[in-house]
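Student: Supplied in C-alpha coordinates, the structure appears directly below.
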Amino acid sequence: MNRRSIPRLVLAGTGSGCGKTTVACAVLQALVDRGMKVGAFKCGPDYIDTMFHSRVIGARSANLDAFFFPENTLRYLLAKNGGDRDVSIIEGVMGYYDGMGLTTAEASTWETAKLTRSPAVLVASAKGASLSVLAEIEGFLRFQPDSGIRGVILNDCSKPLYDALAGAIWERFGGQVRPLGHLPRLPAAGLESRHLGLVTAAEVEGLKEKLHLLARTAAETIDLDGLLALAREAPALTYEPVALPKFNEPVRIAVARDRAFCFYYEDGLEALAKMSAELVPFSPLEDETLPEDVHGLYLGGGYPELYAGQLSRNASMRSSIKAALARGLPCVAECGGFMYLTEAVGDWPMVGLLPGRCFDTGHLTRFGYVTLMAKRDNLLCRAGESIRGHEFHHWDTQDPGGDFTAERPAGRRWDCVHATETLYAGFPHFHFYANPEFAKNFYQACIKEKRRHV
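For the sequence shown, position 403 (counting from the first letter as 1) is numbered 396 according to our numbering, and the numbering increases by one without interruption.
Laid out in C-alpha coordinates, this is it:
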(Lines of atoms letter the chains of each structure in order from A and count residues from 1; the text may use other names and numbers.)
(Lines give C-alpha, C1' and ligand atoms only; values in the text may rest on other atoms or scores of the structure.)
Protein backbone atom coordinates (compact mmCIF):
# COMPACT_ATOMS: atom_id res chain seq x y z
CA MET A 1 0.00 0.00 0.00
CA ASN A 2 1.38 3.40 -1.03
CA ARG A 3 1.01 6.39 1.26
CA ARG A 4 1.48 9.93 -0.01
CA SER A 5 0.99 13.40 1.43
CA ILE A 6 -1.01 15.48 -1.06
CA PRO A 7 -2.24 18.92 0.06
CA ARG A 8 -5.76 19.14 -1.37
CA LEU A 9 -9.24 20.51 -0.93
CA VAL A 10 -12.61 20.34 -2.62
CA LEU A 11 -14.36 23.49 -3.84
CA ALA A 12 -18.01 22.40 -3.68
CA GLY A 13 -21.17 24.26 -4.61
CA THR A 14 -24.64 24.64 -3.18
CA GLY A 15 -25.93 23.89 -6.70
CA SER A 16 -25.28 24.51 -10.37
CA GLY A 17 -24.94 28.21 -11.11
CA CYS A 18 -23.57 29.21 -7.70
CA GLY A 19 -20.25 30.20 -9.28
CA LYS A 20 -17.98 27.33 -8.26
CA THR A 21 -16.19 27.16 -11.64
CA THR A 22 -15.57 30.91 -11.54
CA VAL A 23 -14.26 30.67 -7.97
CA ALA A 24 -12.16 27.61 -8.84
CA CYS A 25 -10.56 29.36 -11.82
CA ALA A 26 -9.95 32.49 -9.73
CA VAL A 27 -8.25 30.49 -6.99
CA LEU A 28 -6.22 28.36 -9.44
CA GLN A 29 -4.94 31.40 -11.34
CA ALA A 30 -4.16 33.30 -8.13
CA LEU A 31 -2.11 30.36 -6.82
CA VAL A 32 -0.33 29.95 -10.15
CA ASP A 33 0.47 33.68 -10.06
CA ARG A 34 2.15 33.04 -6.70
CA GLY A 35 4.51 30.67 -8.48
CA MET A 36 2.97 27.50 -7.05
CA LYS A 37 2.66 24.14 -8.83
CA VAL A 38 -1.08 23.55 -8.74
CA GLY A 39 -3.10 20.44 -9.54
CA ALA A 40 -6.66 20.71 -10.82
CA PHE A 41 -9.42 18.11 -10.75
CA LYS A 42 -13.11 17.97 -11.57
CA CYS A 43 -15.66 15.73 -9.89
CA GLY A 44 -17.98 13.91 -12.24
CA PRO A 45 -18.06 13.30 -16.01
CA ASP A 46 -17.20 16.83 -17.11
CA TYR A 47 -14.98 17.81 -20.04
CA ILE A 48 -15.51 21.56 -20.29
CA ASP A 49 -14.54 22.68 -16.78
CA THR A 50 -11.30 20.68 -17.04
CA MET A 51 -10.45 22.69 -20.17
CA PHE A 52 -10.78 25.90 -18.16
CA HIS A 53 -8.59 24.45 -15.40
CA SER A 54 -5.96 23.47 -17.98
CA ARG A 55 -5.91 26.95 -19.47
CA VAL A 56 -5.26 28.33 -15.98
CA ILE A 57 -2.55 25.97 -14.79
CA GLY A 58 -0.93 25.27 -18.14
CA ALA A 59 -1.26 21.53 -17.66
CA ARG A 60 -4.00 18.99 -17.92
CA SER A 61 -6.83 18.72 -15.43
CA ALA A 62 -8.12 15.28 -14.41
CA ASN A 63 -11.53 13.85 -13.57
CA LEU A 64 -12.41 12.14 -10.29
CA ASP A 65 -15.67 10.25 -10.64
CA ALA A 66 -17.03 8.06 -7.85
CA PHE A 67 -19.43 6.32 -10.28
CA PHE A 68 -16.81 5.44 -12.86
CA PHE A 69 -14.04 4.35 -10.52
CA PRO A 70 -13.63 2.01 -7.57
CA GLU A 71 -12.36 3.77 -4.45
CA ASN A 72 -8.74 2.72 -4.99
CA THR A 73 -8.73 3.95 -8.61
CA LEU A 74 -10.18 7.27 -7.47
CA ARG A 75 -7.38 7.69 -4.93
CA TYR A 76 -4.74 6.47 -7.39
CA LEU A 77 -5.71 9.03 -10.04
CA LEU A 78 -5.63 11.79 -7.42
CA ALA A 79 -2.18 10.67 -6.29
CA LYS A 80 -0.90 10.20 -9.87
CA ASN A 81 -1.92 13.68 -10.96
CA GLY A 82 -1.43 15.55 -7.68
CA GLY A 83 1.66 13.89 -6.25
CA ASP A 84 4.12 16.49 -7.56
CA ARG A 85 1.87 19.52 -6.95
CA ASP A 86 2.17 22.03 -4.10
CA VAL A 87 -1.61 21.92 -3.75
CA SER A 88 -4.52 20.33 -5.63
CA ILE A 89 -7.94 21.93 -6.09
CA ILE A 90 -10.86 19.57 -6.76
CA GLU A 91 -13.89 21.35 -8.22
CA GLY A 92 -17.25 19.80 -7.43
CA VAL A 93 -20.18 19.09 -9.71
CA MET A 94 -23.75 20.39 -9.29
CA GLY A 95 -24.64 20.69 -5.58
CA TYR A 96 -22.39 19.11 -2.95
CA TYR A 97 -24.75 16.21 -2.21
CA ASP A 98 -26.21 15.77 -5.71
CA GLY A 99 -25.47 12.23 -6.90
CA MET A 100 -26.36 9.93 -9.75
CA GLY A 101 -30.05 9.86 -8.83
CA LEU A 102 -32.57 12.40 -7.65
CA THR A 103 -32.52 11.21 -4.03
CA THR A 104 -29.06 9.68 -3.58
CA ALA A 105 -25.66 11.12 -2.72
CA GLU A 106 -23.86 8.25 -4.49
CA ALA A 107 -21.24 9.57 -6.94
CA SER A 108 -21.69 13.10 -5.53
CA THR A 109 -18.98 15.61 -4.74
CA TRP A 110 -19.56 14.76 -1.07
CA GLU A 111 -18.81 11.09 -1.73
CA THR A 112 -15.64 11.97 -3.64
CA ALA A 113 -14.50 14.22 -0.79
CA LYS A 114 -15.24 11.46 1.70
CA LEU A 115 -13.48 8.69 -0.26
CA THR A 116 -10.38 10.83 -0.83
CA ARG A 117 -10.52 12.32 2.71
CA SER A 118 -10.33 15.82 1.25
CA PRO A 119 -11.57 18.85 3.25
CA ALA A 120 -14.35 20.74 1.49
CA VAL A 121 -14.99 24.45 1.06
CA LEU A 122 -18.57 25.37 0.19
CA VAL A 123 -19.14 28.04 -2.48
CA ALA A 124 -22.46 29.76 -1.77
CA SER A 125 -24.05 32.58 -3.73
CA ALA A 126 -25.03 35.64 -1.72
CA LYS A 127 -26.94 37.16 -4.63
CA GLY A 128 -30.30 38.43 -3.40
CA ALA A 129 -29.74 37.20 0.17
CA SER A 130 -28.04 38.10 3.44
CA LEU A 131 -28.74 36.23 6.70
CA SER A 132 -30.42 33.44 4.71
CA VAL A 133 -26.95 32.46 3.49
CA LEU A 134 -26.22 31.22 7.01
CA ALA A 135 -29.34 29.07 6.94
CA GLU A 136 -28.08 27.53 3.70
CA ILE A 137 -24.65 26.86 5.18
CA GLU A 138 -26.19 25.32 8.29
CA GLY A 139 -28.35 23.04 6.15
CA PHE A 140 -25.31 21.72 4.29
CA LEU A 141 -23.41 21.17 7.53
CA ARG A 142 -26.26 19.26 9.18
CA PHE A 143 -27.48 17.25 6.19
CA GLN A 144 -24.68 14.73 6.73
CA PRO A 145 -23.02 14.40 10.15
CA ASP A 146 -19.70 13.85 8.33
CA SER A 147 -20.17 16.66 5.82
CA GLY A 148 -16.44 17.38 5.61
CA ILE A 149 -17.21 21.08 5.04
CA ARG A 150 -14.51 23.13 6.72
CA GLY A 151 -14.82 26.50 5.02
CA VAL A 152 -17.09 28.72 2.96
CA ILE A 153 -16.55 31.26 0.16
CA LEU A 154 -19.38 33.63 -0.74
CA ASN A 155 -19.81 34.41 -4.44
CA ASP A 156 -21.63 37.43 -5.86
CA CYS A 157 -21.01 39.14 -2.53
CA SER A 158 -20.03 42.74 -1.77
CA LYS A 159 -17.34 43.49 0.81
CA PRO A 160 -19.68 45.12 3.36
CA LEU A 161 -22.06 42.15 3.19
CA TYR A 162 -19.17 39.68 3.46
CA ASP A 163 -17.68 41.46 6.47
CA ALA A 164 -21.02 41.24 8.26
CA LEU A 165 -21.67 37.61 7.29
CA ALA A 166 -18.12 36.47 8.10
CA GLY A 167 -18.54 37.65 11.68
CA ALA A 168 -21.93 35.94 11.88
CA ILE A 169 -20.43 32.69 10.53
CA TRP A 170 -17.75 32.67 13.25
CA GLU A 171 -20.34 33.45 15.91
CA ARG A 172 -22.96 30.93 14.79
CA PHE A 173 -20.71 27.98 13.92
CA GLY A 174 -17.93 28.47 16.46
CA GLY A 175 -15.12 27.73 14.02
CA GLN A 176 -16.69 24.52 12.69
CA VAL A 177 -16.67 26.21 9.31
CA ARG A 178 -14.33 29.09 8.45
CA PRO A 179 -15.23 32.12 6.32
CA LEU A 180 -12.51 32.08 3.65
CA GLY A 181 -13.41 35.13 1.61
CA HIS A 182 -15.72 36.28 -1.11
CA LEU A 183 -15.80 37.09 -4.79
CA PRO A 184 -17.75 40.16 -5.90
CA ARG A 185 -19.76 40.19 -9.09
CA LEU A 186 -17.39 40.72 -12.02
CA PRO A 187 -19.36 41.16 -15.28
CA ALA A 188 -16.12 41.64 -17.24
CA ALA A 189 -15.00 38.16 -16.20
CA GLY A 190 -18.24 36.35 -17.01
CA LEU A 191 -18.11 32.95 -18.71
CA GLU A 192 -20.79 32.13 -21.28
CA SER A 193 -22.91 28.97 -21.32
CA ARG A 194 -24.52 26.70 -23.89
CA HIS A 195 -26.61 23.53 -23.73
CA LEU A 196 -23.80 21.26 -22.44
CA GLY A 197 -22.61 23.78 -19.84
CA LEU A 198 -20.05 26.51 -20.36
CA VAL A 199 -18.72 27.20 -23.82
CA THR A 200 -15.29 25.62 -24.26
CA ALA A 201 -12.24 27.52 -23.05
CA ALA A 202 -10.94 27.93 -26.61
CA GLU A 203 -14.12 29.85 -27.55
CA VAL A 204 -14.03 32.45 -24.76
CA GLU A 205 -12.88 35.77 -26.12
CA GLY A 206 -10.25 37.37 -23.90
CA LEU A 207 -10.08 34.35 -21.58
CA LYS A 208 -6.56 35.15 -20.38
CA GLU A 209 -7.58 38.67 -19.40
CA LYS A 210 -10.70 37.38 -17.64
CA LEU A 211 -8.68 34.83 -15.67
CA HIS A 212 -6.16 37.43 -14.55
CA LEU A 213 -8.96 39.79 -13.49
CA LEU A 214 -10.44 36.95 -11.44
CA ALA A 215 -7.03 36.15 -9.95
CA ARG A 216 -6.23 39.75 -9.00
CA THR A 217 -9.61 40.03 -7.33
CA ALA A 218 -9.24 36.68 -5.55
CA ALA A 219 -5.83 37.73 -4.21
CA GLU A 220 -7.57 40.64 -2.50
CA THR A 221 -10.87 39.10 -1.43
CA ILE A 222 -10.24 35.36 -0.87
CA ASP A 223 -8.14 34.02 2.01
CA LEU A 224 -5.66 32.07 -0.13
CA ASP A 225 -3.40 31.38 2.86
CA GLY A 226 -6.40 30.00 4.73
CA LEU A 227 -7.23 27.72 1.80
CA LEU A 228 -3.62 26.49 1.64
CA ALA A 229 -3.56 25.84 5.39
CA LEU A 230 -6.77 23.83 5.11
CA ALA A 231 -5.41 21.85 2.14
CA ARG A 232 -2.29 20.95 4.14
CA GLU A 233 -4.47 19.50 6.89
CA ALA A 234 -5.66 16.74 4.52
CA PRO A 235 -4.42 13.34 5.75
CA ALA A 236 -1.99 11.27 3.70
CA LEU A 237 -3.60 9.44 0.79
CA THR A 238 -3.32 5.64 0.67
CA TYR A 239 -3.73 3.66 -2.57
CA GLU A 240 -2.48 0.81 -4.72
CA PRO A 241 -1.24 1.67 -8.23
CA VAL A 242 -3.61 0.60 -11.03
CA ALA A 243 -1.60 -1.75 -13.23
CA LEU A 244 -1.63 -1.27 -17.00
CA PRO A 245 0.26 -3.57 -19.36
CA LYS A 246 3.22 -2.13 -21.24
CA PHE A 247 3.49 -3.62 -24.71
CA ASN A 248 6.81 -4.15 -26.43
CA GLU A 249 5.23 -3.24 -29.75
CA PRO A 250 4.38 0.47 -30.13
CA VAL A 251 1.39 1.57 -32.21
CA ARG A 252 0.24 4.92 -33.61
CA ILE A 253 -3.30 6.03 -32.78
CA ALA A 254 -4.78 9.07 -34.56
CA VAL A 255 -6.76 11.28 -32.14
CA ALA A 256 -9.15 13.94 -33.50
CA ARG A 257 -8.37 17.18 -31.65
CA ASP A 258 -9.83 20.48 -32.80
CA ARG A 259 -12.78 22.77 -32.08
CA ALA A 260 -15.30 20.11 -33.14
CA PHE A 261 -13.72 17.18 -31.25
CA CYS A 262 -12.31 18.13 -27.87
CA PHE A 263 -14.04 15.97 -25.24
CA TYR A 264 -11.49 13.50 -23.93
CA TYR A 265 -10.52 12.17 -20.53
CA GLU A 266 -6.81 12.93 -20.45
CA ASP A 267 -6.09 10.05 -18.06
CA GLY A 268 -7.81 7.73 -20.54
CA LEU A 269 -5.55 8.91 -23.34
CA GLU A 270 -2.55 8.59 -21.07
CA ALA A 271 -3.52 4.98 -20.35
CA LEU A 272 -3.00 4.21 -24.05
CA ALA A 273 0.29 6.13 -24.04
CA LYS A 274 1.51 4.20 -20.99
CA MET A 275 0.86 0.99 -22.89
CA SER A 276 3.30 2.33 -25.58
CA ALA A 277 0.89 4.06 -27.99
CA GLU A 278 1.98 7.17 -29.85
CA LEU A 279 -1.04 9.48 -29.92
CA VAL A 280 -1.08 11.41 -33.20
CA PRO A 281 -3.35 14.49 -33.14
CA PHE A 282 -5.14 15.56 -36.30
CA SER A 283 -8.03 17.83 -37.28
CA PRO A 284 -11.09 16.60 -39.19
CA LEU A 285 -11.83 20.30 -39.75
CA GLU A 286 -8.49 21.38 -41.21
CA ASP A 287 -6.46 18.36 -42.38
CA GLU A 288 -7.05 16.72 -45.75
CA THR A 289 -6.55 13.08 -44.71
CA LEU A 290 -5.80 10.88 -41.72
CA PRO A 291 -2.17 10.90 -40.56
CA GLU A 292 -0.01 8.31 -42.32
CA ASP A 293 0.85 4.93 -40.83
CA VAL A 294 -1.72 4.91 -38.03
CA HIS A 295 -3.01 1.69 -36.55
CA GLY A 296 -6.04 3.03 -34.69
CA LEU A 297 -8.42 6.00 -34.59
CA TYR A 298 -10.07 7.80 -31.66
CA LEU A 299 -12.90 10.22 -32.46
CA GLY A 300 -13.91 11.89 -29.19
CA GLY A 301 -16.96 13.93 -28.36
CA GLY A 302 -17.43 17.64 -28.85
CA TYR A 303 -19.62 19.92 -30.95
CA PRO A 304 -19.68 18.61 -34.54
CA GLU A 305 -23.12 20.18 -34.94
CA LEU A 306 -21.57 23.66 -34.59
CA TYR A 307 -19.05 22.93 -37.34
CA ALA A 308 -21.13 20.62 -39.50
CA GLY A 309 -20.70 22.72 -42.62
CA GLN A 310 -16.92 22.83 -42.38
CA LEU A 311 -16.72 19.12 -41.54
CA SER A 312 -18.97 18.30 -44.49
CA ARG A 313 -17.05 20.47 -46.94
CA ASN A 314 -13.82 18.66 -46.02
CA ALA A 315 -14.75 15.79 -48.34
CA SER A 316 -11.20 14.46 -48.61
CA MET A 317 -11.05 13.84 -44.85
CA ARG A 318 -14.47 12.21 -44.82
CA SER A 319 -13.41 9.91 -47.65
CA SER A 320 -10.08 9.13 -45.98
CA ILE A 321 -11.77 8.09 -42.73
CA LYS A 322 -14.51 6.07 -44.43
CA ALA A 323 -11.99 4.16 -46.53
CA ALA A 324 -9.73 3.47 -43.55
CA LEU A 325 -12.57 2.17 -41.39
CA ALA A 326 -13.97 0.10 -44.24
CA ARG A 327 -10.54 -1.55 -44.47
CA GLY A 328 -10.76 -2.44 -40.76
CA LEU A 329 -8.84 0.33 -38.97
CA PRO A 330 -9.77 -0.03 -35.25
CA CYS A 331 -11.84 2.95 -34.15
CA VAL A 332 -13.44 4.29 -30.98
CA ALA A 333 -16.02 7.02 -31.71
CA GLU A 334 -17.91 8.59 -28.80
CA CYS A 335 -20.93 10.89 -29.05
CA GLY A 336 -19.80 13.68 -31.40
CA GLY A 337 -17.29 11.32 -33.00
CA PHE A 338 -20.11 8.83 -33.55
CA MET A 339 -22.30 11.54 -35.11
CA TYR A 340 -19.47 12.31 -37.53
CA LEU A 341 -19.51 8.70 -38.77
CA THR A 342 -23.25 8.74 -39.61
CA GLU A 343 -24.87 9.77 -42.88
CA ALA A 344 -25.50 13.40 -41.89
CA VAL A 345 -25.64 15.93 -39.07
CA GLY A 346 -28.72 17.98 -39.84
CA ASP A 347 -28.61 18.64 -43.58
CA TRP A 348 -24.83 18.26 -43.84
CA PRO A 349 -23.43 14.96 -45.19
CA MET A 350 -20.88 13.30 -42.92
CA VAL A 351 -18.61 10.25 -43.27
CA GLY A 352 -21.50 7.90 -44.05
CA LEU A 353 -19.95 4.78 -42.58
CA LEU A 354 -22.99 4.22 -40.33
CA PRO A 355 -26.70 4.49 -41.19
CA GLY A 356 -28.97 7.24 -39.99
CA ARG A 357 -29.18 11.02 -39.87
CA CYS A 358 -28.53 13.06 -36.72
CA PHE A 359 -31.09 15.65 -35.62
CA ASP A 360 -31.50 18.20 -32.81
CA THR A 361 -34.07 17.11 -30.21
CA GLY A 362 -34.06 20.50 -28.49
CA HIS A 363 -33.46 18.95 -25.06
CA LEU A 364 -31.11 16.64 -23.20
CA THR A 365 -31.56 13.09 -24.45
CA ARG A 366 -30.80 9.96 -22.37
CA PHE A 367 -28.86 12.15 -19.94
CA GLY A 368 -26.82 10.65 -17.09
CA TYR A 369 -24.71 7.78 -15.86
CA VAL A 370 -25.04 4.36 -17.51
CA THR A 371 -23.52 0.92 -17.27
CA LEU A 372 -22.77 -0.43 -20.75
CA MET A 373 -23.16 -4.19 -21.21
CA ALA A 374 -21.92 -5.77 -24.45
CA LYS A 375 -24.40 -7.97 -26.30
CA ARG A 376 -21.74 -9.34 -28.68
CA ASP A 377 -17.97 -9.71 -28.84
CA ASN A 378 -16.46 -6.51 -30.19
CA LEU A 379 -13.40 -4.27 -30.42
CA LEU A 380 -13.35 -3.43 -26.71
CA CYS A 381 -14.73 -6.46 -24.89
CA ARG A 382 -16.55 -9.77 -25.02
CA ALA A 383 -20.30 -10.27 -24.76
CA GLY A 384 -21.46 -9.84 -21.18
CA GLU A 385 -18.59 -7.56 -20.14
CA SER A 386 -19.35 -4.04 -18.98
CA ILE A 387 -17.98 -0.57 -18.36
CA ARG A 388 -19.48 2.45 -16.62
CA GLY A 389 -20.02 5.58 -18.68
CA HIS A 390 -22.44 8.42 -19.34
CA GLU A 391 -24.55 10.09 -22.01
CA PHE A 392 -24.94 13.86 -22.32
CA HIS A 393 -26.28 15.20 -25.62
CA HIS A 394 -29.06 17.19 -27.26
CA TRP A 395 -28.74 15.55 -30.66
CA ASP A 396 -29.99 12.08 -31.51
CA THR A 397 -29.86 9.79 -34.52
CA GLN A 398 -32.25 7.61 -36.46
CA ASP A 399 -30.05 4.59 -35.69
CA PRO A 400 -28.16 4.68 -32.34
CA GLY A 401 -27.07 1.04 -32.74
CA GLY A 402 -27.96 -2.03 -30.73
CA ASP A 403 -24.80 -3.95 -29.84
CA PHE A 404 -24.66 -2.78 -26.20
CA THR A 405 -27.34 -2.28 -23.58
CA ALA A 406 -27.16 0.89 -21.51
CA GLU A 407 -28.71 0.77 -18.04
CA ARG A 408 -29.33 3.75 -15.79
CA PRO A 409 -28.77 3.35 -12.02
CA ALA A 410 -32.55 3.62 -11.58
CA GLY A 411 -33.07 0.66 -13.92
CA ARG A 412 -34.12 2.20 -17.26
CA ARG A 413 -32.50 0.35 -20.17
CA TRP A 414 -32.04 0.90 -23.90
CA ASP A 415 -29.98 -0.49 -26.76
CA CYS A 416 -27.14 1.56 -28.21
CA VAL A 417 -23.76 1.50 -29.98
CA HIS A 418 -22.59 0.10 -33.29
CA ALA A 419 -19.88 -2.42 -32.42
CA THR A 420 -17.82 -4.84 -34.50
CA GLU A 421 -14.40 -6.47 -34.16
CA THR A 422 -12.87 -3.15 -35.19
CA LEU A 423 -15.43 -0.51 -34.12
CA TYR A 424 -17.08 1.08 -31.09
CA ALA A 425 -19.36 3.93 -32.16
CA GLY A 426 -22.17 5.33 -30.03
CA PHE A 427 -23.43 8.18 -27.87
CA PRO A 428 -22.11 6.86 -24.52
CA HIS A 429 -18.76 8.19 -23.30
CA PHE A 430 -16.54 6.07 -21.08
CA HIS A 431 -13.22 6.33 -19.27
CA PHE A 432 -10.59 3.66 -19.86
CA TYR A 433 -9.71 3.61 -16.14
CA ALA A 434 -13.31 2.54 -15.45
CA ASN A 435 -12.31 -0.82 -16.99
CA PRO A 436 -8.66 -0.93 -18.16
CA GLU A 437 -9.35 -4.16 -20.07
CA PHE A 438 -11.18 -2.05 -22.68
CA ALA A 439 -8.00 -0.02 -23.27
CA LYS A 440 -5.92 -3.20 -23.45
CA ASN A 441 -8.25 -4.74 -26.04
CA PHE A 442 -8.21 -1.57 -28.16
CA TYR A 443 -4.42 -1.55 -28.05
CA GLN A 444 -4.19 -5.20 -29.05
CA ALA A 445 -6.51 -4.56 -32.00
CA CYS A 446 -4.16 -1.78 -33.09
CA ILE A 447 -1.22 -4.20 -32.90
CA LYS A 448 -3.16 -6.64 -35.07
CA GLU A 449 -3.84 -3.87 -37.58
CA LYS A 450 -0.17 -2.91 -37.62
CA ARG A 451 0.91 -6.50 -38.32
CA ARG A 452 -1.58 -6.75 -41.18
CA HIS A 453 0.52 -4.25 -43.12
CA VAL A 454 3.99 -5.57 -42.33
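Idealized CB from N, CA, C, for every residue including glycine.
Check for me: the beta strand (DSSP E) holding S118 runs from which residue to which?
Tutor: 113 to 118
Student: Within 10 angstroms of its Cβ, does T109 collect 16 or more other Cβ (buried), or is it exposed?
Tutor: buried
Student: I246 lies in the beta strand (DSSP E); which residues open and close that run?
Tutor: 244 to 249
Student: In this structure, how does DSSP classify E81 when only helix, strand and coil are distinguished?
Tutor: Checking the sequence shown, residue 81 turns out to be Ser, not Glu. Three-state result, S81: strand.
Student: Just how far apart, CA to CA, sit G10 and A117?
Tutor: When rounded, the distance between both Cα atoms is 10 Å.
Student: Tell me G289's beta-bridge partners as DSSP assigns them.
Tutor: I246
Student: T102: which of D39, G121, E164, D79 sits nearest, CA to CA?
Tutor: D39
Student: So, are the CB atoms of A270 and V235 less than 9 Å apart?
Tutor: no
Student: Quick one: what does DSSP say L5 is sitting in, helix, strand or coil?
Tutor: Here residue 5 turns out to be Ala, not Leu, going by the sequence shown. Reduced to three states, the DSSP call for A5 is strand.
Student: Please name the residue in Y90, G28, E285, E378 whose C-alpha comes closest to that of G37.
Tutor: Among Y90, G28, E285, E378, the Cα nearest to that of G37 is on Y90.
Student: Among the candidates L230, M366, C255, M332, whose CA atom is the shortest distance from the CA of D353?
Tutor: Closest by alpha carbon: M332.
Student: Which stretch, first to last residue, makes up the beta strand (DSSP E) that contains R406?
Tutor: Note, R406: beta strand (DSSP E), 406 to 409.
Student: Per DSSP, what are the beta-bridge partners of E414 in this structure?
Tutor: BP columns for E414 are empty, so no partner.
Student: Between R311 and the rest of its own chain, which residues show a CB-CB distance below 6 Å, the 5 nearest in sequence each way excluded?
Tutor: Only V344 meet the Cβ criterion.
Student: Would you say L176 touches the ligand HEM, meaning its beta carbon is less than 8 Å from a heavy atom?
Tutor: The ligand HEM is not part of the structure shown, which contains no ligands of any sort.
Student: What are the start and end residues of the alpha helix (DSSP H) that includes E259?
Tutor: 259 to 267
Student: Between the segment 422 to 430 and the segment 56 to 63, do at least 3 Cβ pairs fall closer than 8 Å?
Tutor: yes
Student: If you drop the 5 nearest sequence neighbours on each side, which residues of the same chain put their C-beta closer than 7 Å to that of S111?
Tutor: Leaving aside the five residues that flank S111 on each side, the residues in its chain whose CB is nearer than 7 Å to its CB run, in chain order, R1, L2, V3, I83, A227.
Student: Measuring alpha carbon to alpha carbon, tell me which of T335, P172, G174 ends up nearest P393.
Tutor: Ranked by how close their Cα comes to the Cα of P393, the residues T335, P172, G174 have T335 in first place.
Student: Apart from the five residues on each side of it in sequence, which residues of its chain come closer than 6 Å, Cβ to Cβ, to R187?
Tutor: With a pLDDT of only 41 at R187, under the threshold of 50, the placement of this residue in the model should not be trusted, and no figure is reported.
Student: For the putative contact between L372 and F420, defined by C-beta atoms under 8 Å, what is the C-beta separation to the nearest angstrom?
Tutor: Not a contact, Cβ separation roughly 17 Å.
Student: If you follow the beta strand (DSSP E) that A157 is part of, which residue opens it and which one closes it?
Tutor: Counting along the chain, A157 falls outside any beta strand (DSSP E), though it belongs to the alpha helix (DSSP H) covering 152 to 166.
Student: Find out if the Cβ-Cβ distance for the pair V25, I146 is shorter than 9 Å.
Tutor: In this structure, I146 does not lie closer than 9 Å to V25 by Cβ.
Student: Between which two residues does the alpha helix (DSSP H) holding K239 run?
Tutor: Unbroken run through K239: none, as it is neither H nor E.
Student: State the DSSP-derived secondary structure class of L347, mapped to helix, strand or coil.
Tutor: coil
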